[in-house]
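In our numbering, the protein residues as written are 1 to 490.
Here's the structure, in structure tokens; my notes come after.
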Amino acid sequence: MAPGFSDIIEEARLSARALLDYGESFFNPTVRLGVTGLSRAGKTVFITALIHGLTRGGRFPIFEAFSSGRIARTQLAPQPDDAVPRFDYENHLHTLLEERRWPNSTVDISELRLVIDYQRHNSADRTLTLDIVDYPGEWLLDLPLLNKNFAQWSAESLALSREAPRAHLATAWHAQLATLNAEGKGDEQATLASAKLFTQYLRACRDERFAMSLLPPGRFLMPGGLAGSPALTFAPLDVPADGSAPEGSLWAMMERRYEAYKDVVVRPFFRDHFARLDRQIVLVDALAAFNSGPAALHDLEAALAGILDCFRVGRSTILSSLFRPRIDRILFAATKADHLHHLSHDRLEAVLRRAVTKAVARAESTGAEIDVVALAAVRATREAMVARGREKLPSILGTPAPGESANGEIFDGSTEVATFPGDLPADPEALFNGDAFRGLSSTPPDNSDFRFLRFRPPMLECDGGEGDDPALPHIRLDRALQFLIGDRLQ
Ligand SMILES: Nc1nc2c(ncn2[C@@H]2O[C@H](COP(=O)(O)OP(=O)(O)OP(=O)(O)O)[C@@H](O)[C@H]2O)c(=O)[nH]1
Ligand SMILES: [Mg+2]
Numbered sequence: 001m002a003p004g005f006s007d008i009i010e011e012a013r014l015s016a017r018a019l020l021d022y023g024e025s026f027f028n029p030t031v032r033l034g035v036t037g038l039s040r041a042g043k044t045v046f047i048t049a050l051i052h053g054l055t056r057g058g059r060f061p062i063f064e065a066f067s068s069g070r071i072a073r074t075q076l077a078p079q080p081d082d083a084v085p086r087f088d089y090e091n092h093l094h095t096l097l098e099e100r101r102w103p104n105s106t107v108d109i110s111e112l113r114l115v116i117d118y119q120r121h122n123s124a125d126r127t128l129t130l131d132i133v134d135y136p137g138e139w140l141l142d143l144p145l146l147n148k149n150f151a152q153w154s155a156e157s158l159a160l161s162r163e164a165p166r167a168h169l170a171t172a173w174h175a176q177l178a179t180l181n182a183e184g185k186g187d188e189q190a191t192l193a194s195a196k197l198f199t200q201y202l203r204a205c206r207d208e209r210f211a212m213s214l215l216p217p218g219r220f221l222m223p224g225g226l227a228g229s230p231a232l233t234f235a236p237l238d239v240p241a242d243g244s245a246p247e248g249s250l251w252a253m254m255e256r257r258y259e260a261y262k263d264v265v266v267r268p269f270f271r272d273h274f275a276r277l278d279r280q281i282v283l284v285d286a287l288a289a290f291n292s293g294p295a296a297l298h299d300l301e302a303a304l305a306g307i308l309d310c311f312r313v314g315r316s317t318i319l320s321s322l323f324r325p326r327i328d329r330i331l332f333a334a335t336k337a338d339h340l341h342h343l344s345h346d347r348l349e350a351v352l353r354r355a356v357t358k359a360v361a362r363a364e365s366t367g368a369e370i371d372v373v374a375l376a377a378v379r380a381t382r383e384a385m386v387a388r389g390r391e392k393l394p395s396i397l398g399t400p401a402p403g404e405s406a407n408g409e410i411f412d413g414s415t416e417v418a419t420f421p422g423d424l425p426a427d428p429e430a431l432f433n434g435d436a437f438r439g440l441s442s443t444p445p446d447n448s449d450f451r452f453l454r455f456r457p458p459m460l461e462c463d464g465g466e467g468d469d470p471a472l473p474h475i476r477l478d479r480a481l482q483f484l485i486g487d488r489l490q
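Have a look at this one:
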């Protein structure tokens, strides 16, 4: 596609920004780590646990610079971007440790800076600055819109909404769409109604029972300050991909707003945040997809392809090869692995690897090294073998959050229970074949093959050492750290 005027302006801004960053990182080696994932994937918990572990002596045997004692000290420092909210670390940690609750949902971007003093392998003392940027995965999934015009986006969104189980959830919106004349006069009320029904459809897809992942435009479900603005008031229309909108038509109105969404929301995100990242971790709640059923797992697979596409689009959208996005490592992490017995951790990793490999094959090169891990940033469970009849089942022990229920029992938030969450198959392919398993989208909770309860964060006991709070238990958080920054601490 030929570069438009806005792309050229955008590149000029981007280059200026990149030069500034480059100057700073020349004197002061810095890694900007993006942490993303769809809503509830585990971003806030991951960052809180990571900072706590690094600053308060976590147990990270696989993170070599740390376990070998080469990291002398890690401290929080004022974060560098004046217009970005600070990641509210102290509050989130207090909620986790003192209240034994999970932190509240966060909807905006936030950032925090860590300064790591370490010794190189050759004994020289060095400092690495780690900027952690927490941003919603929904924003990331908007990037491909930069390369699509309104008609293309409409056609894709409509095709997706006609597939099961989405078609059923889109009935009301489709009915309204059928009454619209795209070439007729632009009509604010019809546009408002259409945007509202389209948003309701997106929201229904995200519901726990369906757990769909691929739902752009992202701000429709998390509008923040833009709620009700024209840039968020449009919806797909049934228009030909190669046609052009008659002046003054409904089509022209929707098209203009779609382009405004790109200008107001997507381009600034790309320029101010995405293009400045060096490393990226994408957190994935694969368990939510297992809970829901095969359709959600397929949707997740498509979303991973979509995410990889974003990294590729990120490279090709902006013209200059000098200042193109520089992400050189991407880690996909299946979170909340503590909901499974450790016998299934490798299997969870294999499922994610299978989904990502297919996605990698479809997306052209992202120019980055990619790895996969199954982790729990905060391990809320322990393990036990529980006898059921003659069988011994590999089970997990934890305190279900108040209000969670299983087998007709509602938990009060203080009783510990043993549950058997379900076994992942040895061959990940088995899960991707047709109706391989039963989930909440097709069957009541007690019949589904997997049922993951929400557990409270663990109760920690101080060991009386010098540190005030004890290390948080985790699963494979150290492996993630080794991949993400290990090479920068050599
Ligand atoms: N057991 C367990 N649960 C986790 C873990 N990480 C996240 N969770 C659960 O997942 C929920 C969401 O985690 P958050 O870290 O708030 O997720 P987020 O991606 O920041 O979510 P939003 O801010 O809403 O986008 C938490 O409330 C917990 O119930 C983990 O390591 N172990
Ligand atoms: Mg959050």
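All C-beta atoms in this analysis are idealised placements derived from N, C-alpha and C, irrespective of residue type, glycine included.
- Closer than 6 Å to some heavy atom of ligand 2: that describes the Cβ of THR44.
- Counting along the chain, the unbroken beta strand (DSSP E) around TYR118 starts and ends at 110–119.
- Here ARG73 carries a strand assignment [DSSP, helix/strand/coil].
- Around the beta carbon of ASP131, 16 or more other beta carbons sit within 10 angstroms, so the residue counts as buried.
- In the structure shown, ILE327 falls within a coil segment according to DSSP collapsed to helix, strand and coil.
- VAL266 places its beta carbon less than 7 Å from that of LEU146.
- The residues ASN28, PRO29, VAL115, ILE116, ASP117, TYR118, in chain order, have a CB closer than 8 Å to that of THR127 in the same chain once the five nearest residues on each side in sequence are set aside.
- Residues of the same chain with a CB within less than 6 Å of the CB of PRO103, apart from the 5 flanking positions on each side, are THR44, HIS92, THR95 in chain order.
- Taken through DSSP and simplified to helix, strand or coil, SER154 comes out as helix.
- Of the candidates GLY186, LEU177, PHE269, PHE269 places its Cα closest to the Cα of ARG219.
- Boundaries for ASP346: no beta strand (DSSP E) harbours it, while the alpha helix (DSSP H) harbouring it runs 345–362, taken from the DSSP string.
- The alpha-carbon separation between LEU202 and PHE311 amounts to approximately 24 Å.
- Bridge partners of ALA384 according to DSSP: SER395.
- Residue range 188–206 is occupied by the alpha helix (DSSP H) that includes ARG206.
- Annotation: GLU156 to LEU232 spans about 18 Å, alpha carbon to alpha carbon.
- Shortest gap from the CB of THR106 to any heavy atom of ligand 2: under 6 Å.
- A distance below 6 Å between beta-carbons, with the five flanking residues on each side excluded, links PHE411 to the following residues of its chain, in chain order: PRO400, GLU404.
- Per the C-alpha coordinates, the member of VAL133, ASP108, THR106 positioned closest to LEU50 is VAL133.
- Rounded to whole angstroms, the gap between the alpha carbons of LEU158 and PRO236 is 7 Å.
- For ILE370, the enclosing beta strand (DSSP E) starts and ends at 369–374.
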